[in-house]
Amino acid sequence: MDRSEYIIALRSYLGSKGMQPSDIEEAIGFYGDIIMEGSDEDFQRLGSVEKLGNEILAQSGIFVGGEGSYQMESAFVPGQESSTFAPPVDDAAAQAKRNSLLMIILIIVTFPIWIGFVMGILGTMFGICAALIALIALFTIGGGALAVEGIIQMFHIIPVGLTLCGAGLVMIGVCGLTFIPLFRLFIRFIVWVCKTVFGQLRRLTSGVSA
Amino acid sequence: MAFPLSAALLDSLVLSVVESADTYGYELTRYIRECTEVSESTLYPVLRRLMKNGLLECYDREYMGRNRRYYHITSSGKAALGGYRRDWEEHKRSIDKILTEGGPGQNGQI
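Structural data, given as C-alpha cells:
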C-alpha cells in the first residue's frame, strides 16, 4: 500500500469505527504530513492502518476492544496554583474508578426504566425456548408413535403401514435436521448474551473495587 | 538516562515552538524530537488538548494538492506559556538545588 492509499484506508477505518468527520479531518490533518512527507523510518513507526487508527480512536475516547480509557488532562490555567512540573500523578486509574461508580449509580437509578425491557426480552427468550422444546417433543414423540403404528399396520394393511412408518420417520428427520440444531443455536446465543452482560458487570464492579 | 516528560512539560514545549512560528504537525514533531524522544502518537493528543482548551487554534493551507494543517498560538496560549516558563524556572531551581549542590552531607545541615 502506498502512502496515499494508507491515508485513504485510515480515513475509511476511522469512519467505520464511528469517529466524527471533524475529528477524522483533525487526525488526518496531523498525521497526513507525517504519512506523505515523513522518512521511511517515520512512516514505518506509525504501524499499520489498524494500529494507528486504534491509537487515534483511543485518544478520541472511542474504544475498539481492550480496557481503560484515555483521559485528556487539563492544560495549564494562568493563575492557577499548582505544582505544574511536579512528577505526574497517575490519576487515570482514579478517573476510571469514578466512571465505573457513576455507571453503577446510573444503572441503579434507571432501574424502573430498563427492568421492564429486560423482563420482556427474558420472557420472549423463554417463550422461544419453550416453543422449540415443545416442537422437538411433538415431532420426536409423534414421529416415533407414527413409525411404531406403521410397523404394526404393516402386518394388516402394508401400504397404510408403510405410509405411517414413512411419515413418522419424516417427522423424526425434520426434528433432527431443523428443530434440534435451531435449539442448540439458540442456547449458544443465550449463553453468549449472559457472558457478555455478566462480563460487563464484572468489569464495572472490578473498576470500582480496584 | 531519560527523564519522563509530564503532560505540562509537553504542553509547554509545543506552545513554545508554535509561539515562535505557526507550524504543522510533522515539523513540530521533528523539532521537538531534536531535544527529546517523543512520538507522533504522544504529540497528537497534546495538540488536541491544547486546542480543546483554547491555547492553540488551527487552519488549513493548501500544499501540493492537499491541505496542510497549521497550528497557531492564541492569546490564552501565550498567557499559559508565560505561566509555564515561570513554573519551569522555579522547578528547575528547586531540582538544581539538590541535584547540583548536593544533599545535607555537603554542609552538615538539612
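Protein chains in written order, with the numbering used here: chain E, 531 to 740; chain X, 5 to 114. Glycine included, C-beta positions come from ideal geometry on N, C-alpha and C.
1) Hey, could you find the ends of the alpha helix (DSSP H) Asn584(E) is sitting in?
2) Give a yes or no on whether the minimum CB-CB distance between Asp563(E) and chain X is below 8 angstroms.
3) Look at the Cβ atom of Ile554(E), then the Cβ atom of Arg541(E), and state whether they are nearer than 8 angstroms.
4) Is DSSP giving Cys62(X) helix, strand or coil here?
5) Please state whether DSSP places Thr708(E) in a helix, a strand or coil.
6) At the 8 angstroms Cβ level, is Thr33(X) part of the contact set with chain E, yes or no?
7) Reducing DSSP to helix, strand and coil, say where Ile77(X) ends up.
8) Measuring alpha carbon to alpha carbon, tell me which residue in Ile681(E), Ile558(E), Val704(E) and His686(E) is nearest Cys695(E).
9) Taking the DSSP output, what are the residues bridged to Thr27(X)?
10) From what residue to what residue does the alpha helix (DSSP H) around Arg642(E) run?
11) Quick one: Cα of Ala664(E) to Cα of Val727(E), how far?
12) Quick one: using the 10 Å Cβ neighbour count with 16 as the cut-off for buried, is Tyr63(X) buried or exposed?
13) Skipping 5 residues on each side, what residues in its chain have a beta carbon closer than 8 angstroms to that of Asp15(X)?
14) Nearest-angstrom Cα distance between Arg70(X) and Ile558(E)?
15) Check whether the Cβ atoms of Ile666(E) and Ile710(E) sit closer than 8 angstroms, and answer yes or no.
16) Taking Cβ-Cβ distances below 8 angstroms as the criterion, which residues of the segment 15–32 of chain X are in contact with chain E?
17) If you draw a straight line from the alpha carbon of Val488(E) to that of Ser630(E), how long is it in whole angstroms?
18) What are the boundary residues of the alpha helix (DSSP H) that includes Leu544(E)?
19) With distances taken between CB atoms, is the gap from Leu734(E) to Ile634(E) smaller than 8 angstroms?
20) Whose C-beta lies closer than 7 angstroms to the C-beta of Gly672(E) among residues of the same chain, with five residues either side of it excluded?
21) With the cut-off set at 8 angstroms, would you say Tyr75(X) and Leu32(X) are in Cβ contact?
22) What residues in its chain sit with their C-beta under 7 angstroms from that of Pro608(E), if we drop five residues either side in the sequence?
23) Taking Cβ positions only, does Asp100(X) come closer than 8 angstroms to chain E?
24) Below 7 angstroms CB to CB, which residues in the same chain sit around Tyr503(E) once its five sequence neighbours on both sides are set aside?
25) With a threshold of 8 angstroms between beta-carbons, can Arg533(E) be considered close to chain X, or not?
26) Which value, in whole angstroms, describes the spacing of the CA atoms of Leu103(X) and Ser80(X)?
27) Per DSSP, which one or two residues make a beta bridge with Arg70(X)?
28) Listing by chain order, which chain E residues have their CB less than 8 angstroms from the CB of Leu51(X)?
29) Taking the straight line between their C-alpha atoms, what separation do you get for Glu9(X) and Leu576(E)?
30) Against chain E, does Ser79(X) count as a neighbour if the rule is that its beta carbon must be under 8 angstroms from one of theirs?
Considering the structure as presented:
1) Here the alpha helix (DSSP H) through Asn584(E) covers Val579 to Gln589.
2) At least one chain X Cβ lies under 8 angstroms of Asp563(E).
3) yes
4) strand
5) helix
6) The beta carbon of Thr33(X) falls within 8 angstroms of a beta carbon belonging to chain E, placing the residue at that interface.
7) strand
8) With distances taken between Cα atoms, Cys695(E) lies closest to Ile681(E).
9) Tyr75(X)
10) Checking the displayed sequence, the identity of residue 642(E) turns out to be Pro instead of Arg. Note, Pro642(E): alpha helix (DSSP H), Phe641 to Gln683.
11) Taking the straight line joining both Cα atoms gives about 28 angstroms.
12) Under this definition Tyr63(X) is an exposed residue.
13) Result list for Asp15(X): Val50, Arg53, Leu54, Leu59, Ala84 and Tyr88, in chain order.
14) If you take the alpha carbons of Arg70(X) and Ile558(E), they lie about 11 angstroms apart.
15) In this structure, Ile710(E) lies closer than 8 angstroms to Ile666(E) by Cβ.
16) Asp15, Ser16, Tyr28, Gly29, Tyr30 and Glu31
17) What is shown of chain E runs 531 to 740, which leaves residue 488(E) out entirely.
18) Arg533 to Ser546
19) yes
20) Met701
21) yes
22) The pLDDT assigned to Pro608(E) is 45, lower than 50, so where the model puts this residue is not dependable; a value taken from the coordinates is nonetheless given after this. If we look at Pro608(E) and ignore the five residues flanking it on each side, it has no Cβ neighbours.
23) no
24) Chain E is shown only over 531 to 740; residue 503(E) falls outside these bounds and no answer can be derived.
25) At a cut-off of 8 angstroms between beta-carbon atoms, Arg533(E) makes no contact with chain X.
26) 34 angstroms
27) Tyr67(X)
28) Phe560
29) One point to set straight first is that residue 9(X) is Leu, not Glu, in the sequence displayed. It is roughly 21 angstroms from the alpha-carbon of Leu9(X) to the alpha-carbon of Leu576(E).
30) no
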